[in-house]
Each structure stands twice: as structure tokens, then as C-alpha cells.
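Presented below is the structure to which this report refers.
2 protein chains.
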Amino acid sequence: MNEFDLIEKYFNWKNLNSNDLGIGDDCALVSIDAHQQIATSVDTLIEGVHFPKGTSASDIAHKALAVNLSDLAAMGATPKYFTLALTLPEFDESWLLDFSSTLRVLANQYQITLVGGDTTKGALSITLNVTGTISQGRALLRSAAQAGDHIFVSNSIGDAALAWRQIQQKLTPSDQLLQHFNTPNPQVELGCALVGVANACIDISDGLEQDLGHILKRSNVGARIDLSQIPLNKEVQSYIQKTQDWCVALAGGDDYELCFSVAPENLEKLKAIEKNLKIKLSEIGVITQNKGIERVGDFDKKCQSYQHF
Amino acid sequence: MNEFDLIEKYFNWKNLNSNDLGIGDDCALVSIDAHQQIATSVDTLIEGVHFPKGTSASDIAHKALAVNLSDLAAMGATPKYFTLALTLPEFDESWLLDFSSTLRVLANQYQITLVGGDTTKGALSITLNVTGTISQGRALLRSAAQAGDHIFVSNSIGDAALAWRQIQQKLTPSDQLLQHFNTPNPQVELGCALVGVANACIDISDGLEQDLGHILKRSNVGARIDLSQIPLNKEVQSYIQKTQDWCVALAGGDDYELCFSVAPENLEKLKAIEKNLKIKLSEIGVITQNKGIERVGDFDKKCQSYQHF
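From first to last, the protein sequence lines stand for chains A and B.
Going by my numbering, the residue at position 76 of the first sequence is 154; the numbering climbs one at a time, nothing skipped.
Going by my numbering, the residue at position 183 of the second sequence is 261; the numbering climbs one at a time, nothing skipped.
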């Protein structure tokens, strides 16, 4: 059983109000009043699972907050506050100083405040719960893709996955790859700008195809994606040319870029966003009525998506 | 450095609005609009630290939600939703079934909904973040005790601590003690009823004196407590008589009863609450202008409070 089946089977109680949303999207949505909803998301990072042993406290802090902000971004929510549950094997002052100061810098950058937490002793693990607000009914949902929508991805993908692959092979990734892996930039500004422009949206944390697959499943549609249009940086491109290992791009995860679908009539608005935010947005395919993902391009290697269990 | 100093030093950024409250109380308070505040609290339970290895999934689920609801109770907030970060060493269907069904029963009982979560693989650990709402400015704060207030404790204390002591000594606690330790009842109804009646309030999670001490420190006051008035059940009473080990009552923790202070003019209202909720409330002392805790009664053994590091 993978993580999604597990959550669906044991923890999806489906007892929320009709406007609200529980398990099954990047964030939960809870109505606070007639005008506003709370968007909230929780993620745990464990040493040896989500980051290699020896990762600096600063990189861990960055990643922990960034991956959670990325979930808010995927809903179009504005960050408001977060809580921190920190489990440490021992009290280490320089570790805590590094961790807390990086956390604070990133929190200030994204205008989100740490309001509470818990510290415990045990194997190194960091759980953050971030909360944002969004106007009632305006969140970008996984379930809102329509056949005919154009599919976009922000910036480039596969960088973090290639870094992780190299680390596992005891190679040293380039600084650029390592930066993508250790200090990803959550696309909060883009997410907020996409409200009213994109239909469905998700952040790429488990791999492009798996995450796009969540949109397709929830929206009851399919997709055709053109491999040649997937935005890859030079290192990833040359790695794939050499190895034909497309998995770093399609199933790699950890990029925290946004994948979203836009109706044809909103493409002009999207161009304006791209220009305003000075961000690269690549059209990689279209939403189709046929279920599943159809891959167009020179590709025949099978990719397994990451399974938590 | 203990947990409180650690949080104060590294994570108390003090950058909230003046009406709001970050680290330093049972919950954080964040204003959502002019009428409402969000009260939010996070707690981590780790196997071997917060519950013994071999504790049933059902008891773990109960405790995890109960201790967090207890933090809402201590602020007088009404439970609304919670998130769950669950770290499991392996996929175990019967464990998950037990865990999720108990969690659901307790959540229904307290009218709180699970809205999101994360599951990861690793040493068994459960982090819950509960969120409630409270009318703007009405939360029961640690900082609101006044000299002359009467100090109360709900039900009895020391039961959970005695159970834990016996477990550590390889003894088998009675069913009643075990029930207090494994399935504490958060005093949510009492907490809500105390809004407008109590001044300061806290839940007893780390031990009566340590938790009362938080109220005293934040309120810049002291307390005189009468040991003979501390509500103890028969087992705890006879254990203390035999061993003179007052620590189970004063420094034991894990009772999740409320300790609160009430101004003399509100004592009649408190009597009405006691009657309505059919709950035992014991007056154990008074808030004083002199700092520190003065113990009245037959007691000379020193108790160390629980330190996280």
C-alpha cells in the first residue's frame, strides 16, 4: 500500500462542510467565515529519508519551510503562520543557531510567522505545519482541470532528483544541482498570481508524472505530454542523453516547481504573469478526455514512482 | 538548557501583532479577523519517550489527540480541525486500523475534524497540530493571574505519573492508573466554560508546580499552595504516605487536568460551572504578590521537574 492509498483508507473521514476540503489536495481548506478559508499543510522531513545524514542545519531548515510553503503555493494561498515540531537527538547549540536563523530569514522573505512548536528528543525529524489564507472558493484545486487546458511547468525540473541520484551513488553534485536539492524556492508568488487564471495546480514534490497524475485522477481527465517540451537544465539534459534515464525528470520529485493547467482563454493572462514575475513557464502538453498520461517523444524506459512504503 | 529556554532563545521571534500570541502559552493565538482568533498547538509523541514501547495503537491515538485538545482547553478555545504527521517504522494494517478508528471516535466526541497529514517511514512518532477558534481577546492566558486569585485544579492529579513510575519499575499499574496515563480526558468543556470566569489557565502536562510556575512567571506573581488540598485519588495518596514521594503529585505531569486562577468575585460562577459540568474542582491555594511557590503542609523532599534535554 502506498502513502496515498493508506491516507485514503484510514484517514479520509470525509466529514467536512461542502465548501471545505480535507485530505487529497496540497492543503486542506477550512472555512473560517463567509469570506475566507484557511489553507493548511503539514510535512515531515526525516534524516536519511528526506535529506542525507550530514545535511547542514541551515539546509534542513530551508527545505522544511520551503516544501510546506510550496503546498500553499500550489493552492494559491497567502502564507500566514506556521508551527514547528522539532525532534533532536541531542542539544546542539550551533545546530540550533544555524537552523533557527535560516528558518527566520526564509520566514521573513515569505512573510510567514512561527507561532508555536514542540521540541522533543529522538531521531532527527522536522514537522512543519504551515497555514495560509485564501478568499472563499478561490483556491487552485487538483480537481479543476478541464479537457483542452494547456499544461505548464515553472522553471526546470529534474535538478533535485539528479542531485539525489548522484549523492546516492557517492558522487558530488554540482553546486547548482545541490542548491535545487537543498534550498528549493517555493513558488508562492506564482501560486498567488495563478488564482483566477489557472484551473488546476499542484507542486512537483513526488515527480512530474505522479503529481500531474493526482490532478488527472481528481479531475477525471487525462493528459498528453511532450517530452521534448519538458524544461530541463543543461546538466539534466546531458545526463538523460547519456543514460536515457528519463526518470529524473518524470518521477524524480523534490523540485517544488508548480505544474498547472490553464484554459485557452486565459493564456494571455498567463503571458502577463510570466513577464511580471520574470519566471520561465513551459507548456508541456494538454489535458485530454482520454484517461492516463500519453507520452509523446523519444522515450521507452519505464519509470517507477517513489513509494513511501 | 531545558525545552523552554531553548524555545525562548532560538524560536521566539516576537514578530506578531499586538493582539496575537506566539510561543509561550498553551496555544498560539493568531487574529483571523476583528472577531475571531485562531488558537493552535502542536505536540509530538515519540515511542520510548512519551509512551512506552508496546503501547497499543489505540492508546497512542487517544493520547496524541487528547494532549493537544488539552492545550486548546487551557486557552478556552473551541476545537475545530487538526492535522496529523505520522512516522511509522513499517506498514502495519492492524496498527493503522486501531490507530485511525480510535482517533476518529475521539475526534467525533470533541467535534474536531482531521483535515490533512503526512505519513513517513521512520521511528514511531506522532505529531498533531490542533486548531480551534476563540472570540477575539477572550482566550485564557498564562499571563492573566492576579494576586488574590484562588487557584484550582480539576479532578485529581498524580495518577498518570504514578502509572509511569510503576511501568519504569517493571510493575503493573492498576487499570484506573493506566487509564489516566494512556487515555487522559482533555478538559475541553471546562476550558470553554472558564472563559470570562477564570483569569489564568494552563493544563498540567509537565507537573503541577512546573505548569503553575509558567502562570506565575508570565503573570509576575507567586503562589501559596496547600499540599493537603491537592486532589489525589486513593492509590496516589497511599503511595505518597508510604514513600513520601510527593513528586508524583507535584512534578509528575501527564494528567492533562486544568490548573487555573479565579478572582474572588467569580467564585460563585465557578460553583455553577462545577455543578453544571458535574466536575470536581479543588481549591489548592492562592496567587500571591511574593514570587515563587510557597508550599504549606508536611513536605520536605525536593522534586526535580521533568527536563526535555
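All C-beta atoms, glycine included, are put in the ideal place defined by N, C-alpha and C.
All of these numbers come straight from a predicted model, not from anything done at the bench.
- Taking a beta-carbon distance threshold of 8 angstroms, B:T321 does not count as an interface residue toward chain A.
- In the three-state DSSP reduction, B:Y188 falls in the coil class, being neither helix nor strand.
- Counted as a single uninterrupted DSSP element, the alpha helix (DSSP H) harbouring B:Y317 occupies residues K312 to T321.
- Taking CB atoms only, A:C105 has a neighbour in chain B less than 8 angstroms away.
- In terms of Cβ geometry, B:I190 and B:P157 form a close pair [threshold 8 angstroms].
- Unbroken beta strand (DSSP E) stretches of 3 residues or longer found wholly inside the region 163-211 of chain B: 191-199, given in chain order.
- Residue burial is scored here from C-beta neighbours: B:D170 has fewer than 16 other C-beta atoms within 10 angstroms and is therefore classed as exposed.
- Residue contact check for B:T156 against chain A: no CB pair falls below 8 angstroms.
- Looking at A:L164, A:L336 and A:Y88, the one whose alpha-carbon comes closest to that of A:V145 is A:L336.
- By the neighbour-count criterion, in which a residue is buried when 16 or more other Cβ atoms sit within 10 angstroms of its Cβ, A:H292 is buried.
- Taking 8 angstroms as the cut-off, the beta carbon of A:S339 is found closer than this to the beta carbon of A:A276.
- The Cβ of B:A201 sits closer than 8 angstroms to at least one Cβ of chain A.
- Beta-bridge annotation (DSSP): A:C337 is paired with A:V231 and A:I280.
- Nearest neighbour of A:P342 by Cα position, chosen from A:W324, A:K356, A:G330 and A:G363, turns out to be A:G363.
- DSSP places A:L355 within a helical segment (H, G or I) once states are collapsed to three.
- The C-alpha of B:L123 is placed about 24 angstroms away from the C-alpha of A:D83.
- 8 angstroms or more divides the Cβ of B:G330 from the Cβ of A:F89.
- A:A225 and A:Q367 do touch by the CB rule: their CB atoms are close to 5 angstroms apart, below 8 angstroms.
- Straight-line spacing of the CA atoms in B:V127 and A:W324 works out to 44 angstroms.
- Distance check between A:C270 and each of A:W91, A:G154, A:H113 and A:L107 places A:G154 closest, using alpha-carbon atoms only.
- The contact set of B:L162 on chain A, defined by CB atoms closer than 8 angstroms, consists of F89 and V120 in chain order.
- Taking 8 angstroms as the cut-off, the Cβ atoms of A:L181 and A:E267 do not count as close.
- In the DSSP assignment, the residues bridged to A:A301 are A:I365 and A:I371.
- Here the C-alpha atom of B:F177 lies approximately 38 angstroms from the C-alpha atom of A:Q244.
- Taken through DSSP and simplified to helix, strand or coil, B:Q265 comes out as coil.
- Within the region 114-142 of chain B, contact with chain A at the beta-carbon level (separation under 9 angstroms) is assigned to Q114, I116, T118, S119, V120, D121, T122, L123, I124, E125, G126, V127 and H128.
- Here the C-alpha atom of A:N97 lies approximately 10 angstroms from the C-alpha atom of A:A112.
- With fewer than 16 other beta carbons inside 10 angstroms of its own, A:G132 counts as exposed.
- Under the Cβ criterion of 8 angstroms, A:Y188 is not counted among the residues facing chain B.
- Comparing alpha-carbon positions, the option among A:L184, A:R373 and A:G100 lying closest to A:I303 turns out to be A:R373.
- B:G274 and B:S306 have their C-alpha atoms spaced approximately 29 angstroms apart.
- Scanning its chain for C-beta atoms nearer than 7 angstroms, with the 5 sequence neighbours on each side dropped, one finds around B:S134 the residues D176, in chain order.
- Here DSSP, grouped into helix, strand and coil, assigns B:S148 to helix.
- Judged by beta-carbon spacing, A:D237 lies within the 8 angstroms limit of A:L255, meaning their Cβ atoms are closer than that value.
- Within the region 257-284 of chain B, no residue places its CB atom closer than 8 angstroms to a CB of chain A.
- Under the three-state reduction of DSSP output, B:L84 falls in the helix class.
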